[in-house]
Amino acid sequence: MNNYKWKERFQNIKERLSIFRIADDEDLDELSEFSEQPAYEAGDRTGGRQGGGSLQEELAFEDLLARNRKRRLITRSVLAALLVCVIAGFYLYNREHTFDDYIIAKSIENSMTSGTQYEAVGKYLYRYNSDGVSCVTKKNEVKWSVTYSMQAPIVDVCGTTMVIAEQQGTQVYVVNEDGLLGSFTCLLPILKVRVSNQGVVAVVLQDDDVTWVRLYDASGESIANDKTTISDSGYPLDVDLSPNGEKMVVSYLGIIEGVMTSTVAFYDFGSEGDASSDYIVSSETFSGNIVPQVFFMDNTTAVAVADNGFAVFRGSTPEKSAEVSFDDEIVSCFYDEETIGFLFADATGENDYRMELYNYRGKQKVSVGVDARFDEIKMENGQILMYTASSCTIYTKSGKLRFTSAYEKEIVDIFYFSEYRRYLVITNDSFDRIRIC
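Right, dumping it as structure tokens:
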């Protein structure tokens, strides 16, 4: 558009908006003229103004004031309506639009070795590999660092506390935002490890045909032991601790009357478990099913994920409060404090997967087709992050596709910290703060 046409269009817009003006120069001159003339004498209603004032002039003055007030009211109403429309339009666009591009707002060098992994903890990241663990900011600034030597570190996080253990080794380290809480060595090879927010550690240890589930404090002092065998309790598939460290849930796999069966047992190391010699306060049997995953949502709510569904347990002596069964095989499970999600292969062939989201009362919230490739999937601050080394796909918890794009570098991990359209992408050589667009 040339300058002439642009000026002509601007003048037309200006003329159309002229009805919303509050007061022009002529109006102000009229107001000034009336205001400079003296007021009427008391009781004079017929033209007592000096200089030829009249009743008609007074009425005209009042009418001008009224028209000016009306214009201001109309202007403010129109501006308020426009503002509401802009905000509503922006909200709907941001919520419903699928973004397919990004810009790297800031890139910070990352010189860590290959194999380094990350966990988001509040406003920090815990970075760990076979040589040690450190706490870093989103700008890759190191807050503290702890060194060790492990062949295959495994971790668990609860709140701001993390445990690092050597799988098939014996070393255990416990850290939080302030640094090292404690470390110790087990006498038997470690299979699994879990931690509470207070630093209590549950360790699954292998001893030939006997498996131990042992509880330690952060310094390595033993709190409790549970000895299991295949012929007795079964093999422990998974274990978790409540955030306060007082409760433990273990999923055992065994054979009962020739049928493969999972038993989910709940332990209480507080007042509820004092009456039991083995600390077990309740249990649930899943005949013919495998329960590979158990976890606590809070101190009184636990979830058991089976190969055909999930169950929720609540209470000081946990009892089953909800159960959902699936006909299709679960491809992946992910969850946060409010929602648990599952991916299934899409039998219709219309999509790669079907995603279903539930609350912890067992009510389905979302069922939607998903087209995405992924090696990792997680739910973080209300968004579902699916990514490979070369691409990323993001859904909201309402099932809306938020973002999908290939990435120009090799992705190690991606995090969402509830920042508007901003994500942290970690690669082998950089911390990238990206903005989707």
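So that you can map any letter, position 187 of the sequence shown is 1566 in this note's numbering, and since no number is skipped, the others follow by simple counting.
The beta-carbon is built from N, C-alpha and C at its ideal position, and this holds for glycine as well.
In this text, all values refer to a predicted model and were calculated from it rather than measured experimentally.
Where the beta strand (DSSP E) through residue i begins and ends
i, result
"G1561", "G1558 to T1564"
"L1803", "R1801 to T1806"
"D1792", "I1790 to F1794"
"L1632", "K1626 to I1635"
"E1600", "Note, E1600: premise wrong, no beta strand (DSSP E); not H, not E."
"Y1552", "Q1550 to N1555"
"R1812", "S1809 to I1815"
"L1616", "Y1614 to L1620"
"S1486", "Y1481 to E1488"
Residue i versus the options, residue with shortest Cα-Cα distance
i, options, result
"G1599", "I1815, L1803 and V1579", "V1579"
"N1555", "E1717, F1674, F1675 and V1574", "V1574"
"V1536", "D1510, V1749, L1620 and D1706", "L1620"
"R1506", "I1543, A1484 and I1487", "I1543"
"G1761", "E1636, I1719 and G1748", "I1719"
"A1499", "A1726, R1752, E1436 and Y1795", "Y1795"
"V1745", "L1736, V1582 and A1459", "L1736"
"Y1732", "E1488, Q1743, R1800 and V1749", "V1749"
"D1827", "R1693, T1696 and S1711", "No answer is possible for residue 1827: it lies beyond the span of the chain, which begins at 1380 and ends at 1816."
"S1666", "G1688, E1441 and T1640", "T1640"
"I1815", "S1562, E1798, T1727 and G1728", "E1798"
"E1708", "Y1802, S1700, D1611 and V1684", "V1684"
"T1679", "S1490, C1464, G1778 and E1716", "E1716"
"Q1547", "A1445, L1559 and P1568", "P1568"
"T1767", "M1676, V1804 and D1657", "V1804"
"T1775", "K1788, R1455 and E1759", "E1759"
"F1675", "A1459, Y1739, T1454 and L1722", "Y1739"
"I1756", "F1721, G1511, G1538 and D1677", "F1721"
"P1671", "V1589, F1689, S1661 and D1657", "F1689"
"V1643", "G1558, G1649, D1677 and A1681", "A1681"
"R1800", "Q1743, E1729 and A1484", "A1484"
Sub-8 angstroms separation of residue i and residue j beta-carbons
i, j, result
"F1713", "I1763", "yes"
"V1638", "V1628", "no"
"E1625", "D1596", "no"
"D1809", "A1785", "The sequence given here places Ser at residue 1809; Asp does not occur at that position. Contact flag unset, no."
"I1813", "I1482", "yes"
"S1366", "P1615", "Because the chain in this structure spans residues 1380 to 1816, residue 1366 falls outside the shown range and cannot be described."
"T1549", "L1780", "no"
"G1741", "V1673", "no"
"Q1577", "N1623", "yes"
"G1613", "L1632", "yes"
"S1695", "E1663", "no"
"I1790", "F1782", "no"
"N1508", "T1526", "no"
"Q1851", "E1545", "As displayed, the chain neither begins before 1380 nor continues past 1816, which places residue 1851 out of reach and without an answer."
"R1693", "S1704", "no"
"K1518", "I1487", "yes"
"N1606", "W1591", "The amino acid at residue 1606 is misidentified as Asn; the sequence shows Lys. In contact: K1606 and W1591 (Cβ atoms closer than 8 angstroms)."
"I1659", "F1645", "yes"
"T1495", "Y1503", "no"
"N1489", "T1806", "yes"
"M1765", "V1747", "no"
"D1792", "Y1552", "no"
"G1511", "S1524", "yes"
"C1565", "V1589", "no"
"S1661", "E1698", "yes"
One or two residues paired with residue i in a DSSP bridge
i, result
"V1580", "V1574 and Y1595"
"C1771", "Y1766 and S1784"
"N1678", "DSSP output for N1678 lists no bridge partner at all."
"T1539", "Bridge partners of T1539: none, in fact."
"S1666", "T1640"
"D1696", "The residue you asked about is not Asp; residue 1696 is Thr in the sequence shown. Its beta-bridge partners do not exist; DSSP assigns none."
"K1744", "The partner list for K1744 (beta bridge, DSSP) is empty, contrary to what the question assumes."
"P1532", "E1545"
"I1756", "M1765"
"F1645", "V1628 and S1661"
"R1446", "The partner list for R1446 (beta bridge, DSSP) is empty, contrary to what the question assumes."
"Y1737", "I1719 and Q1743"
"D1586", "V1589"
"G1688", "A1685 and S1704"
"V1465", "Per DSSP, none; premise fails for V1465."
"Q1435", "According to DSSP, which records beta bridges pairwise, Q1435 is partnered with nothing at all."
"F1478", "F1782"
Any non-hydrogen atom of the ligand NAD closer than 7 angstroms to residue i Cβ
i, result
"A1690", "Of ligands this structure carries none, so the ligand NAD is not represented either."
CB contact below 8 angstroms: residue i versus chain D
i, result
"E1488", "Although the question refers to chain D, the structure presented lacks it and comprises just one protein chain."
Problem - Complete beta strand (DSSP E) runs within the stretch 1698-1731 (minimum length 3 residues, chain order) - result: 1698-1704, 1709-1714 and 1718-1724
Handout entry: Complete runs of the beta strand (DSSP E) confined to the stretch 1490-1525 [at least 3 residues]
Key = 1496-1500, 1503-1508 and 1511-1515
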